[in-house]
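If you read the sequence shown in our numbering, its first letter stands for residue 1266, the second for the next number, and so on. A virtual CB, placed ideally from N, CA and C, is assigned to each residue, including glycine. Model, not experiment: these values are computed from the prediction.
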Amino acid sequence: MNSVSSISPHYAVSANQSGHSVGKWLRALYRFSRPESTLGSVVMSAAICVALLPATPHDFVLFTKMAAWILAVALWTIASHGINQIYDLPVDRINKPDFPLPSGVMTVAQAWAVSLSTGVVGSFLVWWVMPLWLAFSFVGFMTWATVAYSIPRFGSRKIRQSPWLTKLFTLSARGVMFPTVGFLTASWLVPTLHQGWVYLGFILTFAVLFCVGMNTFEDIPDMRGDREGGYRSFALALGATKTAFICLSAFVAAFLGFAIWLLTFPRLFHLEIGFMIETPLFIIFTVKFIHLLRSELQPDGDGAKPFYAFLWRLYAVQYLVLILIFAPIHLAQL
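Structure follows, in structure tokens:
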């Protein structure tokens, strides 16, 4: 009895420690997935699919394939960000010391396992959902972009010495490839969507300009680490304030682009709903930006993270707004 009692407390402590370690690692895995970016990809893909539902036949296999595409985008986002974090570990020790790899909660081997497995599973889903030519295009581009952007042996350091090339890579993936492939997949699954180029043009206007603004602003909170890592960025070249105004210009252009598309093709959008939603969103963005300049933004980039987090929330909200603004039933009847 005594021997049992002497062992039991030790076993209980070990079990608690084990459970605590597992929970800590799962939280690290969640952070490693870059949830704000992955959620942005999921919301983007889901919004495009849901916005087109009024013109979509009620078919279980079709809905399953749409869900698989959304999951594939999320998995490829995790894979791409994961490999980038592996090779950015020295810089992240400065910019993001509490992230899973710099803090030591996750090992590099575990990071490789997560990144490669999500990329492989995402690719299998893509082959099942898309026509072959589109699947090859998507997987090929994502593999090339991830390798070229993250791995020094394949030119990542040269690419990231140029602020223009760095932004072009990110813009090509999130601003062009993801929404275009998502819309082409939905259009292939729903062949009744004739003249869908109008919706695609609307989506790309938003996606490209928002990505320009967000990815330009992203340089500001990373100024110190980029300087230490020897990378070049717009924020280091122009300073935090001028870079923030580039972000402002891109967002203003995006909101103006929304208005032009809505007014040019009123039959294909819910015009009143669109302006009722976009006007207050633009006002909120403007107020937040003024507050940023007056009280938060520092010359070295400090204080910029809250506004950057706000941009991610705005990005997600704008894609959800597609569901309310689109009127695809009209498009299917043309």
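Backbone secondary structure at residue i - three-state DSSP
i        : result
Phe-1591 : strand
Phe-1530 : coil
Thr-1372 : coil
Glu-1537 : helix
Gln-1583 : helix
Gly-1420 : coil
Pro-1362 : coil
Ser-1514 : helix
Ala-1569 : coil
Glu-1483 : coil
Leu-1317 : coil
Tyr-1464 : helix
Ser-1388 : helix
Val-1455 : coil
Gly-1490 : helix
Gly-1305 : helix
Ser-1286 : helix
Gly-1504 : coil
Tyr-1295 : helix
Pro-1428 : helix
Pro-1564 : coil
Ser-1498 : coil
Gln-1598 : In this prediction, Gln-1598 has a pLDDT of 46, which is less than 50 and means its spatial position is unreliable; what the coordinates show is noted afterwards. Gln-1598 falls in the coil class under three-state DSSP.
For residue i, the first and last residue of its enclosing alpha helix (DSSP H)
i        : result
Phe-1328 : 1325-1352
Leu-1263 : Since the first residue of the chain shown is 1266 and the last is 1599, residue 1263 is not available in this structure.
Leu-1557 : Element bounds for Leu-1557: n/a, residue is neither H nor E.
Ala-1438 : Segment: none, Ala-1438 is in no alpha helix (DSSP H) and carries neither H nor E.
Residue i versus residue j - alpha carbon distance
i        : j        : result
Gly-1461 : Met-1331 : 17 Å
Pro-1593 : Tyr-1496 : 44 Å
Val-1586 : Val-1315 : 11 Å
Val-1269 : Ser-1286 : Residue placement at Val-1269 is poorly supported in this model, since its pLDDT is 39, which falls under 50; the coordinates still yield a value, given next. Near 25 Å, if we compare the C-alpha coordinates of Ser-1286 and Val-1269.
Leu-1354 : Pro-1362 : 9 Å
Thr-1481 : Arg-1559 : 20 Å
Phe-1572 : Phe-1554 : 8 Å
Ser-1382 : Ala-1344 : 8 Å
Asn-1349 : Thr-1372 : 14 Å
Ile-1468 : Ala-1524 : 13 Å
Leu-1433 : Leu-1449 : 22 Å
Met-1479 : Gly-1305 : 12 Å
Pro-1428 : Asp-1324 : 46 Å
Phe-1419 : Phe-1406 : 15 Å
Arg-1492 : Ile-1511 : 20 Å
Val-1370 : Tyr-1580 : 30 Å
Arg-1532 : Val-1379 : 45 Å
Pro-1365 : Ala-1293 : 5 Å
Pro-1367 : Thr-1529 : 50 Å
Gly-1347 : Ile-1588 : 30 Å
Ala-1509 : Thr-1544 : 21 Å
Phe-1534 : Ile-1542 : 13 Å
Trp-1393 : Leu-1501 : 44 Å
Ser-1402 : Trp-1334 : 14 Å
Leu-1465 : Leu-1327 : 20 Å
Residue burial classification, residue i (beta-carbon count within 10 angstroms, cutoff 16)
i        : result
Gly-1288 : exposed
Trp-1341 : buried
Ile-1548 : exposed
Glu-1300 : Per the sequence shown, residue 1300 should be read as Pro rather than Glu. It is exposed - the Cβ of Pro-1300 has fewer than 16 other Cβ atoms within 10 Å.
Tyr-1295 : exposed
Gln-1583 : buried
Trp-1526 : buried
Gly-1397 : With the sequence shown as reference, residue 1397 is identified as Leu, and Gly is not the correct amino acid for it. Label assigned to Leu-1397: exposed.
Minimum Cβ-Cβ distance from residue i to chain D less than 7 Å
i        : result
Ala-1344 : Among the chains of the structure shown, chain D does not appear; only one protein chain is present.
Please confirm if the stretch 1500-1518 is in contact with the stretch 1467-1479, defined as three or more CB-CB distances below 8 Å between the two stretches.
-> yes
Examine the Cβ distances between the stretch 1477-1487 and the stretch 1566-1573 and report whether three or more of them are shorter than 8 Å.
-> yes
Would you call the stretch 1406-1418 and the stretch 1433-1448 in contact, with 3 or more CB pairs under 8 Å?
-> yes
Between the stretch 1368-1388 and the stretch 1449-1456, are three or more C-beta pairs nearer than 8 Å?
-> no
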